[in-house]
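A.B. asks: In the UniProt record's numbering, the protein residues as written are 1 to 271. Don't be surprised by glycine CBs; every beta carbon is placed ideally from N, CA and C. Please read all numbers here as calculations on a predicted model, not as lab measurements.
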Amino acid sequence: MRLSRPARIALRTAAAVGFAVIYLPLLVVVLNSFNRDRGSGWPPPGLTLRWWTAAWRNTGAREALWTSVAAGTAATAVALALGTLIAFAVQRHAFFGREALSFAVVLPLALPGIVTGIALNSAFRTVLEPLGVGLGLFTVVIGHATFCVVVVFNNVVARLRRTPGSLEEAAMDLGAHTFRVFADITFPLVRSALVAGGLLAFALSFDEIVVTTFTAGPGVRTLPLWIFDNMARPRQAPVVNVVAAVLVLLSVLPIYLAERLSSDTASGSRI
C-alpha cells in the first residue's frame, strides 16, 4: 500500500510524539542522576558523578539490588522449568483440557497486578503462615513466577509451533532414545526461545513492584520498593535518580537481547 505524502508525515509525527512521551521521561531520569543540584533543578547547573558514588555507598540500595537479582534469578529458573514443561505438554500432546490449561497459564499476565497481589497475599497468609512460613523472599519468588511462567511459555510454544515434529520422529526411527532426541534435536531448536524467555522473565521480575508489595513482607525490599519508599525523602532524591537510572539500564539490556533472539529465523538455527 502506497501512502500519500501528508499521510506519511502524519504517521511519522504521531510516531515521534509517541516515542517522545515514552522515552523522554526516562532520559530526564538518567540526566538527573548526573545533576549537580540536589533538588534536581532543570536545566542542570552542572554534571557530577557524586550521586553515583553516594548510591553505591548506600547500604540500603545495594541490599535492595542484590535482593532484586536473587528474586529475579530464582523466579526465572522456576519459570523456565514450568513454562517449558507446560509448553511441551500443550504443543506436543493432545489431551482433555489442553486449551483450558493454556488459558490458565496465560491468564495471570492479563490480570491486574493488584488483583494478583491481593490473591497471593491472601493465599500465603491462609496456607503458608499456619505452617510457619511468613512473607519474605520465598513468597516474592512465587509471586513473580506466576507471570514469568507466561513469558517463557509463550516463547517456547511459538518456537515449537514452527518446529516440525517430524525431525524428532526421524531421530527416533533411527534408534535415538528420548533423551538423545531432546539433546540433539529438540533443545538446539528451542534454545534461543528459552534464552529469550528467560531474559524477558528476569526483566519483568527485576522491575516489578505491585505484586512485590503484597508478597514481600516487612523484611524484604527489592530495588523498585526501595525507590518507592525513598521518593518522598528530598535529601534522597539524587540517589533515587541514580538507582532509577540503573534500573532502566538493567531492564533495557535483557529486553534488547530477548528481542534480538526472538527475531531468529523460523528454523531457530541462530542463537
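1) Entirely within the segment 167–223 and at least 4 residues each: give me those alpha helix (DSSP H) ranges in chain order.
2) According to DSSP, simplified to helix, strand and coil, what is THR265?
3) Measuring CB to CB, does ALA171 end up less than 8 Å from VAL181?
4) Run through the DSSP bridge pairs and tell me what ASN230 is partnered with.
5) Could you pull out every residue in the same chain whose Cβ sits closer than 6 Å to the Cβ of LEU109, ignoring the five residues on either side in sequence?
6) Who are LEU47's beta bridge partners in DSSP?
7) Leaving out five residues before and five after LEU3 in sequence, what residues of the same chain have Cβ atoms less than 6 Å from its Cβ?
8) If you check the beta carbons only, do LEU225 and ALA216 fall under 8 Å apart?
9) What span of residues does the alpha helix (DSSP H) with GLU63 cover, start to end?
10) Report back the beta-carbon spacing between THR61 and VAL252 to the nearest angstrom; my notes put them in contact at under 8 Å.
11) Cutting at 7 Å between CB atoms, please list the residues of its own chain near ALA74, excluding the five before and the five after it.
12) Rounded to whole angstroms, what's the CA-CA distance from THR178 to PHE88? Just pull it up for me.
13) Are the CB atoms of PHE214 and GLY117 nearer to each other than 8 Å?
14) Judging by CA-CA distance, which residue of LEU27, TRP51 and ALA55 is the nearest neighbour of PRO43?
15) Would you say GLY143 and THR186 are within 8 Å of each other, going by their C-beta atoms?
16) Whose C-alpha, out of ALA201, GLY219, ARG221 and LEU247, is nearest the C-alpha of ALA81?
17) Leaving out the 5 sequence neighbours to the left and right, which residues in its chain are closer than 7 Å to SER68 when beta-carbon positions are compared?
C.D. replies: Reading off the structure:
1) 178–181, 187–206 and 210–215
2) The sequence position of residue 265 within the sequence shown is 265, counting from 1. Annotation note: pLDDT 42 at THR265 (below 50); position unreliable, coordinate value reported separately. Coil.
3) Position 171 of the sequence shown, counting from 1, holds the residue named residue 171. Position 181 of the sequence shown, counting from 1, holds the residue named residue 181. For ALA171 and VAL181, yes; Cβs fall inside 8 Å.
4) By 1-based counting over the sequence shown, the position of residue 230 is 230. Answer is none; ASN230 lacks a bridge partner.
5) As a position in the sequence shown, residue 109 is number 109, starting the count at 1. Within the same chain, LEU109 has close Cβ partners PHE147 and VAL150.
6) Taking the sequence shown and counting its residues from 1, one reaches residue 47 at position 47. According to DSSP, which records beta bridges pairwise, LEU47 is partnered with ASN35.
7) By one-based count along the sequence shown, residue 3 stands at place 3. Excluding sequence neighbours, LEU3 sits near nothing in its chain.
8) Working through the sequence shown from its first residue, we reach residue 225 at position 225. Working through the sequence shown from its first residue, we reach residue 216 at position 216. Yes, these two residues count as a Cβ contact at 8 Å.
9) Here residue 63 refers to the residue found at position 63 of the sequence shown. It spans 59–92 - the alpha helix (DSSP H) in which GLU63 sits, taken as one unbroken run.
10) In the sequence shown, the residue the question calls residue 61 occupies position 61. In the sequence shown, the residue the question calls residue 252 occupies position 252. The question names Thr, yet the displayed sequence has Ala at residue 61. Contact between ALA61 and VAL252 fails: their C-beta atoms lie close to 19 Å from each other, not under 8 Å.
11) In the sequence shown, counting from the first residue as 1, residue 74 sits at position 74. Correct list, in chain order: VAL141.
12) Taking the sequence shown and counting its residues from 1, one reaches residue 178 at position 178. Taking the sequence shown and counting its residues from 1, one reaches residue 88 at position 88. Taking the straight line joining both Cα atoms gives about 14 Å.
13) Counting from one through the sequence shown, the residue named residue 214 turns up at place 214. Counting from one through the sequence shown, the residue named residue 117 turns up at place 117. In this structure, GLY117 lies closer than 8 Å to PHE214 by Cβ.
14) In the sequence shown, counting from the first residue as 1, residue 43 sits at position 43. If we check each option's Cα against that of PRO43, LEU27 comes out closest.
15) Position 143 of the sequence shown, counting from 1, holds the residue named residue 143. Position 186 of the sequence shown, counting from 1, holds the residue named residue 186. Their beta carbons are not under 8 Å apart, which means GLY143 does not touch THR186 by this criterion.
16) For the purposes of this step, residue 81 is taken as the residue at position 81 of the sequence shown. Ranking ALA201, GLY219, ARG221 and LEU247 by Cα distance to ALA81 puts ALA201 first.
17) Here residue 68 is taken as the residue at index 68 of the sequence shown, counted from 1. So the qualifying residues of the chain are PHE206, THR222 and LEU223.
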